[in-house]
Structures are given as structure tokens and as C-alpha cells.
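A.B. asks: When you line the sequence shown up against our numbering, it's residues 1026 to 1194, in that order.
For every residue, glycine included, the Cβ atom is placed at its ideal position computed from N, Cα and C.
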Amino acid sequence: MNIFIVGPMGSGKTTVGKIVADELFLEFHDTDAKIEESTGVTIDWIFDIEGESGFRKRETSILKEVVALNSIVLATGGGIIIAEENRELLASRGTVFYLHTPLNTQIERTAKDKDRPLLKDKDPEKVLSNLQKTRQAMYEEVADHIIDTENKSGSAVANEIVKLVKNYG
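Right, dumping it as C-alpha cells:
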């Protein structure tokens, strides 16, 4: 059983993923953390040196490795769904949960975070709004389940996922 969590930045993918993994006794992975481990540098640095396209290549490479594992929970980067190949990998290797998160919540949650290369030196509201417009359909396309995160804690969202997995697992 593989559980993949997708959604925009600030949706709580990592937080929720760790809780779900603990609850279901599965191994937790995070694509961004794996990229940083394998390169020895931050995502921010990769964006600065290789640009977004260089980062996306690394992301697909890591995704291929991780989806080959079994009994895992995977928190993905917000843009992983951009590449059709990635959406196919996710859809074919596990159950995909999309954490649907309102724009105002994303803005609030990412406000103090300095490790968001797509938001660096830009108007976060504008960037997040544009990302939502361009990515929402892709999140929905790949999702087996859409979880609304509005006004919910990470553990409430995780409990919803655990319940779905136990009922349909």
C-alpha cells in the first residue's frame, strides 16, 4: 500500500504525511527532503543554479525511485504534478490524496517561510493564485481522494486520510 500526498505549498503535505505514516505504521518519504539529501544542497540553491527546469528533472528522478518502494507515505513537492510522467507514476503506484487548500490559508502558512523559491522576492498572493489556477486541474486529475483542509489541523486531515485508507484499503 502506497499513499501519495499532493497539493499546493502550504497545504500541509509533510505534516499530514508524517502523521499518516505513524498511524498506519508505514515508512514516510518527502520528495523535497530526498532531493536535498541526494544533492547535499537546498531546493532554493538548486533553483538558483539550475532553475526550475533543473529542479523538475531531479524531482522526476527521485519520484521514480520512491514510487518503486512499497508500504510508504510520500509527501510530494507542490509542482510535482506539472509533468504528465509524474502524474502517471503517482496514479499507477498508489492512492493519491490531494490536499485542497484555500488561497488565504496558503498565504498565511507560507508567509514566514523563507525556503520557498517560487515565492522569493515576489508577491506571494499573486504567485500562489497563479499556481492554483494552473495546477488545480492537474491535482484533481491525479487524485483518488480530495481532502478539504480549510480550518482543519494537520492531525484532523491525517485522520480523514487514515479513515479512508482503512475503509477502502
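Rounded to whole angstroms, what is the Cα-Cα separation between T1120 and L1099?
C.D. replies: The residue given as residue 1120 occupies position 95 in the sequence shown. The residue given as residue 1099 occupies position 74 in the sequence shown. So the alpha carbons of these two residues sit roughly 10 Å apart.
A.B. asks: Please return the same chain residues whose Cβ sits closer than 7 Å to the Cβ of T1085, not counting the five positions on each side in sequence.
C.D. replies: Here residue 1085 corresponds to residue number 60 of the sequence shown, with the count starting at 1. So the qualifying residues of the chain are A1108, E1110 and N1111.
A.B. asks: Three or more beta-carbon pairs under 8 Å between the stretch 1138-1151 and the stretch 1043-1056, yes or no?
C.D. replies: Too few Cβ pairs lie closer than 8 Å, so no.
A.B. asks: CB-CB under 7 Å to K1089, same chain, minus the five flanking residues each way: which ones, in chain order?
C.D. replies: By one-based count along the sequence shown, residue 1089 stands at place 64. Within the same chain, K1089 has close Cβ partners L1114.
A.B. asks: Mind checking which residues open and close the alpha helix (DSSP H) that includes N1176?
C.D. replies: As a first step, residue 1176 must be located in the sequence shown, where it is residue number 151. Element bounds for N1176: n/a, residue is neither H nor E.
A.B. asks: Taking K1137 as the reference, which of F1050, N1027 and M1034 has the closest Cα?
C.D. replies: The residue labelled residue 1137 in the question sits at position 112 within the sequence shown. Comparing C-alpha distances from K1137 to each of F1050, N1027 and M1034 shows the shortest one belongs to M1034.
A.B. asks: So if DSSP puts D1055 in a beta bridge, which residue, or which two residues, is it bridged to?
C.D. replies: Here residue 1055 refers to the residue found at position 30 of the sequence shown. Looking at the DSSP assignment, D1055 forms a beta bridge with A1100.
A.B. asks: Closest to Y1123 by CA distance: which of G1032, N1027, M1026 and I1028 is it?
C.D. replies: As a first step, residue 1123 is located in the sequence shown; it is residue number 98 there, counting from the start. Checking every option, the nearest Cα to that of Y1123 belongs to G1032.
A.B. asks: May I ask you to list the residues that DSSP assigns as paired with V1121?
C.D. replies: As a working mapping, residue 1121 is identified with position 96 in the sequence shown. Looking at the DSSP assignment, V1121 forms a beta bridge with F1029.
A.B. asks: Would you grab the beta carbon distance between T1101 and F1050 for me? Rounded to a whole angstrom, and I think it's under 8 Å.
C.D. replies: Sequence index remark: in the sequence shown, residue 1101 carries index 76 (1-based). Sequence index remark: in the sequence shown, residue 1050 carries index 25 (1-based). With a Cβ gap of about 21 Å, T1101 and F1050 do not count as contacting.
A.B. asks: Going along the chain, which unbroken runs of the beta strand (DSSP E) with 3 or more residues stay wholly within the stretch 1113-1171?
C.D. replies: Counting only runs that start and end inside the stretch 1113-1171, the beta strand (DSSP E) elements of at least 3 residues fall at 1120-1125.
A.B. asks: Could you name the residues of the same chain whose beta carbon sits closer than 6 Å to that of M1163, not counting the 5 residues immediately before and after it, in chain order?
C.D. replies: In the sequence shown, counting from the first residue as 1, residue 1163 sits at position 138. Excluding residues within five positions, the ones whose Cβ falls inside 6 Å are I1106.
A.B. asks: Select from D1140, K1038, P1149 and G1037 the residue whose C-alpha is nearest the C-alpha of E1061.
C.D. replies: On the sequence shown, residue 1061 is found 36 positions in, with the first residue counted as 1. The alpha carbon of E1061 has as its nearest neighbour, out of D1140, K1038, P1149 and G1037, the alpha carbon of D1140.
A.B. asks: Kindly list the residues whose CB is nearer than 7 Å to the CB of V1045, restricted to its own chain and excluding five residues on each side of it in sequence; keep chain order.
C.D. replies: For the purposes of this step, residue 1045 is taken as residue 20 along the sequence shown, with counting starting at 1. The beta carbon of V1045 lies closer than 7 Å to those of I1028, V1098, A1183, I1186 and V1187 in the same chain, with the five residues before and after it left out.
A.B. asks: Does the beta-carbon of K1191 have 16 or more other beta-carbons within 10 angstroms, so that it is buried, or is it exposed?
C.D. replies: In the sequence shown, residue 1191 corresponds to position 166, counting from 1. Under this definition K1191 is an exposed residue.
A.B. asks: Please list the terminal residues of the continuous alpha helix (DSSP H) segment that includes G988.
C.D. replies: Beyond the ends of the chain as shown, which are 1026 and 1194, falls residue 988; an answer cannot be given.
A.B. asks: Buried or exposed, going by whether 16 or more other CB atoms sit within 10 Å of the CB of V1066?
C.D. replies: To locate residue 1066, count along the sequence shown from 1; it is residue 41. Classification for V1066: exposed.
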